[in-house]
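To start, the structure under review is shown below, and the notes come after it.
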Ligand SMILES: Cc1cc2nc3c(=O)[nH]c(=O)nc-3n(C[C@H](O)[C@H](O)[C@H](O)COP(=O)(O)OP(=O)(O)OC[C@H]3O[C@@H](n4cnc5c(N)ncnc54)[C@H](O)[C@@H]3O)c2cc1C
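The structure is reproduced here in structure tokens:
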């Protein structure tokens, strides 16, 4: 039996072949994933990890695809989605959420329960797993501020609970977890004033609608914030606001975003990213570092 047949037999409807990644990324672009899976239980994760290891098949984890650009040529191997792992529970001042729960849903539940510490993360359109992996943050609050621990399984299939206090982390980066699959996360919050929390959440959501081009597909800020500056300011000052390649454009509303305004291919987006980097480097000598993650080979087939 081929590895694909083995997976289909084990996962049934939760195993798809040639799945278009444009349906699973907020850029709404990207070619097919060779195999797209929805593992949920530890047993299912164990099965796919063992198979990938023994057959030497590349394996990727995707949450909500809101920080990934997948090549127009697609991606080989197995892509595992956490989307079906979406339980959230509150116990006193603590919240536990599975990796595929929406971060924004966790924020909403925290605010409604009068728990403070996550309200400014409202509106980040990622999963809990993606937020932990990237240490997502906004308006001066980061995922790791309120995170206490997270449960993982490594590529060898070994489970572990990692405590925040034992890890090194910083702006959009956590050290040493590249080889971990995050299964769930525990947040420790403080009691807060219900109306103030709801007001803070509303303000953040309002700010996002006002400042971000949410009317178009994107994956948020393309670049990390350079030291003592903002990527959007540099891009704007370089005269690149509104610059387009194919269906991809530097947003006119927020120059830190690239939007898919007209059926952009991933190659359009990738080329625009490179162009922006080159021009900012040429004009200001600043190397913009990508915040978004690139998957696959973007070279054009000849
Ligand atoms: C409109 C818009 C606004 C945004 N605003 C913000 C913002 O304010 N702040 C911010 O930080 N980000 C922002 N983002 C980017 C994005 O939402 C975050 O980076 C988010 O944390 C990504 O989560 P995800 O589930 O979509 O991850 P994905 O994009 O699916 O994956 C990102 C990375 O995390 C890894 N990953 C995902 N889940 C797991 C898991 N369970 N275990 C191990 N690895 C995993 C993936 O392999 C990949 O390397 C924005 C995006 C959009 C589209």
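In my numbering, the protein residues as written are 118 to 419.
We treat Cβ as the ideally placed atom computed from N, Cα and C, and that holds for glycine.
Just so you know, these numbers come straight off a predicted model, no measurement behind them.
Residue i versus residue j - alpha carbon distance
i, j, result
"residue 362", "residue 379", "10 Å"
"residue 242", "residue 182", "9 Å"
"residue 229", "residue 237", "14 Å"
"residue 177", "residue 144", "18 Å"
"residue 413", "residue 192", "5 Å"
"residue 171", "residue 270", "17 Å"
"residue 307", "residue 223", "14 Å"
"residue 129", "residue 298", "22 Å"
"residue 347", "residue 120", "46 Å"
"residue 289", "residue 252", "5 Å"
"residue 199", "residue 157", "7 Å"
"residue 381", "residue 291", "31 Å"
"residue 136", "residue 235", "34 Å"
"residue 155", "residue 250", "19 Å"
"residue 266", "residue 417", "42 Å"
Helix, strand or coil at residue i [DSSP, three-state]
i, result
"residue 162", "helix"
"residue 342", "coil"
"residue 122", "helix"
"residue 290", "strand"
"residue 361", "strand"
"residue 219", "strand"
"residue 199", "coil"
"residue 139", "helix"
"residue 134", "strand"
"residue 311", "helix"
"residue 322", "helix"
"residue 177", "strand"
"residue 284", "coil"
"residue 415", "coil"
"residue 213", "strand"
Residues that residue i bridges to, as DSSP identifies them
i, result
"residue 276", "270"
"residue 377", "365"
"residue 335", "Answer is none; residue 335 lacks a bridge partner."
"residue 297", "271"
Legend entry - Any 3 or more C-beta pairs closer than 8 Å across the stretch 215-230 and the stretch 301-321: The stretch 215-230, when compared against the stretch 301-321, does touch it at the 8 Å Cβ threshold.
Legend entry - Contained beta strand (DSSP E) runs [length at least 3] in the stretch 379-404, N- to C-terminal order: Unbroken beta strand (DSSP E) runs of no fewer than 3 residues, entirely contained in the stretch 379-404, are not found.
Inset, instruction - Could you tell me whether the stretch 392-406 touches the stretch 352-362, where touching means 3 or more Cβ pairs closer than 8 Å? - result: Using a Cβ-Cβ distance cut-off of 8 Å, the stretch 392-406 and the stretch 352-362 are in contact, since at least three pairs of beta carbons, one from each stretch, lie closer than that value.
Inset, instruction - State whether the stretch 315-323 contacts the stretch 276-285, with contact taken as three or more CB pairs (one from each stretch) at a distance under 8 Å. - result: The stretch 315-323 and the stretch 276-285 do not touch, with fewer than 3 CB-CB distances between them shorter than 8 Å.
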